[in-house]
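Note that the working numbering has the sequence shown beginning at 37, numbered continuously upward.
All residues carry an ideal CB built from backbone N, CA and C; glycine is no exception.
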Amino acid sequence: MSKEYAIAVIPGDGIGPEVVRQGLRVLERVAAAEGFAARTTVYPFGADHFLKTREIFPDKAFDEVKGHDAILLGAIGDPRIEIGLLEFGIIAKLRFELDLYVNLRPVRLYAEHLCPLKGKTPEDVDFIVVRENTEDAYAGMRGFFKKGTPDEVATQEIIFTRKGTERVIRYAFDLARRRGRGKKLTLVDKANAVRAMDLWTRTFEEVGREYPDIAREHAYIDAATMWCVKNPEWFDTVVTSNMFGDILTDLAAMIQGGLGIAASGNIHPGRLSLFEPIHGSAPKYAGKNVANPLATVMAVSMMLDYLGETRAAARIEDAVAGLLRSKRIPSLGSDSGLTTEGIGDLVLEALEQKAAV
Ligand SMILES: NC(=O)c1ccc[n+]([C@@H]2O[C@H](COP(=O)([O-])OP(=O)(O)OC[C@H]3O[C@@H](n4cnc5c(N)ncnc54)[C@H](O)[C@@H]3O)[C@@H](O)[C@H]2O)c1
37 MSKEYAIAVI PGDGIGPEVV RQGLRVLERV AAAEGFAART TVYPFGADHF LKTREIFPDK
97 AFDEVKGHDA ILLGAIGDPR IEIGLLEFGI IAKLRFELDL YVNLRPVRLY AEHLCPLKGK
157 TPEDVDFIVV RENTEDAYAG MRGFFKKGTP DEVATQEIIF TRKGTERVIR YAFDLARRRG
217 RGKKLTLVDK ANAVRAMDLW TRTFEEVGRE YPDIAREHAY IDAATMWCVK NPEWFDTVVT
277 SNMFGDILTD LAAMIQGGLG IAASGNIHPG RLSLFEPIHG SAPKYAGKNV ANPLATVMAV
337 SMMLDYLGET RAAARIEDAV AGLLRSKRIP SLGSDSGLTT EGIGDLVLEA LEQKAAV
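What follows is the structure, given as structure tokens:
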């Protein structure tokens, strides 16, 4: 009997539903070709649902989502709703309550012409960022005092725990070993100014002793952004904190061609995990059929890789890479001259051709 995976799908807001639709077409096609099944359950949470019902993400639905093998998310966020309300109530809820402590971001350039950096080739831009995903300023320990007055005080705590730091660093060392590329792990922090990050320095050192085959490098976040532009080939596997990872991975997305291709996994190894494009809901493009769905297609590839369907995952990646190299998909923004659906059609066509070889 063929294997069946239960996938919870949250298309979300803005361009989310459009790009997820294409991701699901690709999932269905590759599943049929590789002989497994994907049973999807679509959840309506996001701005429209909130405006209609005042519900953000009810516990009953959350418990139901927990019974799936993986989650595919489009994007959350809408200008009609208070900033952060849905992002926190849906994305952060999933990350924290499912303890998805690894945010995994492959940074791979598929075709030289997509890179804004002069003279950099696909060989130069091929690294992976492991961003801690449950702590730092994002833990939500914040407050306002004398709000709205000239004496206002606003605080938000940056928190790091030994457990949280160690588990993500250990994951990154294991990943550097598995990738086997440069066998190098770079710690990115700001321990010279944010002294609490001394915890990262010490943990990296201690855990690193258990991985004598992995070279240890270090860069402060300010220098890391500079290296990312000047010498991206310097990176192999990178581990960093939540906030620095958030920023560094958007910069990294640009050197791989743009937000239209960048995907991520929110992972608790061995447990239910979530996959998504890193872009947001891009409200200005919502409903216009111009958003590029490739980041979601690549999120589907990451999800299948995580579920153990490595051949299916590689097939999707090969199809996307081929379309970009041949310039049949000439760019990754809304200016490609192709529709969201048209790009989905091209990926399906490329998957067919691969199957026929
Ligand atoms: N994980 C998430 O769901 C997530 C992530 C980031 C932002 N957000 C939310 O999304 C909303 C909009 O945020 P933003 O404007 O800062 O970021 P965004 O990623 O939505 O858009 C930034 C710009 O990138 C371009 N872009 C993004 N995705 C694209 C695609 N697939 N195809 C073509 N062009 C694309 C567009 O020019 C867009 O205006 C906010 O509410 C924000 O909170 C959600």
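- Excluding sequence positions up to five away, which residues of its chain have a Cβ less than 6 Å from the Cβ of Arg61? Result list for Arg61: Gly380, in chain order.
- Task: Use the C-beta contact count for Leu374: other C-beta atoms within 10 angstroms, 16 or more gives buried, fewer gives exposed.
- Result: Counting Cβ neighbours within 10 Å, Leu374 comes out buried, since at least 16 surround it.
- Compute the Euclidean distance between the alpha carbons of Ile43 and Thr77, then round it to the nearest angstrom. Near 6 Å, if we compare the C-alpha coordinates of Thr77 and Ile43.
- Item | Under 8 Å between C-beta atoms of Arg167 and Thr285 | Yes. Within cutoff.
- Using beta-carbon positions only, say whether Ile303 and Leu136 come within less than 8 Å of one another. Judged by their CB atoms, Ile303 and Leu136 are nearer to each other than the 8 Å cut-off.
- Taking the continuous beta strand (DSSP E) assigned at Asp162, which residues delimit it? Element bounds for Asp162: Asp162 to Glu168.
- Query: Is Val55 near ligand 1, with its Cβ less than 7 Å from a heavy atom?
  - Reply: Relative to the non-hydrogen atoms of ligand 1, the Cβ of Val55 comes within a distance shorter than 7 Å of at least one.
- Message: Just verifying my parser: in three-state terms, what is the DSSP assignment at Ala106?
- Response: Three-state DSSP puts Ala106 in a strand.
- Taking Pro31 and Gly110 to be in contact with their CB atoms under 8 Å, please state how far apart those CB atoms are, rounded to whole angstroms. Past the edges of the chain, shown from 37 to 393, lies residue 31, and the structure says nothing about it.
- Message: Short of 6 Å in beta carbon distance, which residues of its chain neighbour Thr157, apart from the five on each side in sequence? Order them along the chain.
- Response: Excluding the 5 residues flanking it on each side, Thr157 has same chain C-beta neighbours closer than 6 Å at Glu148, in chain order.
- From Gly293 to Leu368, what does the alpha carbon distance come to, in whole angstroms? Gly293 and Leu368 have their alpha carbons spaced roughly 6 Å apart.
- Among Ser370, Asp371, Ser372 and Asp354, which has the Cα closest to the Cα of Val383? Of the listed residues, the one whose Cα sits closest to Val383 is Asp354.
- Report all residues from its chain with a CB closer than 7 Å to the CB of Tyr207; omit the five preceding and five following residues, and keep chain order. Answer for Tyr207: Val138, Val166 and Pro305, listed in chain order.
- Boundaries (first-last residue) of the beta strand (DSSP E) holding Asp225: Its beta strand (DSSP E) spans residues Lys220 to Asp225.
- Query: Roughly how many angstroms lie between the CA atoms of Arg116 and Ala83, to the nearest whole one?
  - Reply: Cα-Cα distance, rounded: 8 Å.
- Task: List the DSSP bridge partners of Pro268.
- Result: For Pro268, DSSP assigns no beta-bridge partner whatsoever.
- Query: Taking the alpha helix (DSSP H) that Leu359 falls in, what are its first and last residues?
  - Reply: Run containing Leu359: Thr346 to Arg361, per the alpha helix (DSSP H) assignment.
- Whose C-beta lies closer than 7 Å to the C-beta of Ala251 among residues of the same chain, with five residues either side of it excluded? The residues are Lys219 and Lys220.
- By Cβ distance, which residues of its chain are closer than 8 Å to Tyr79, with the 5 residues on each side in sequence left out? Closer than 8 Å at the Cβ level, and outside the excluded window around Tyr79, lie Ala44, Val45, Ile46, Ala97 and Val101.
- Can you grab the Cα-Cα spacing for the pair Ala173 / Glu269, in whole Å? So the alpha carbons of these two residues sit roughly 30 Å apart.
- Message: Going by beta-carbon coordinates alone, are Arg65 and Leu387 separated by less than 8 Å?
- Response: Their beta carbons are under 8 Å apart, which means Arg65 touches Leu387 by this criterion.
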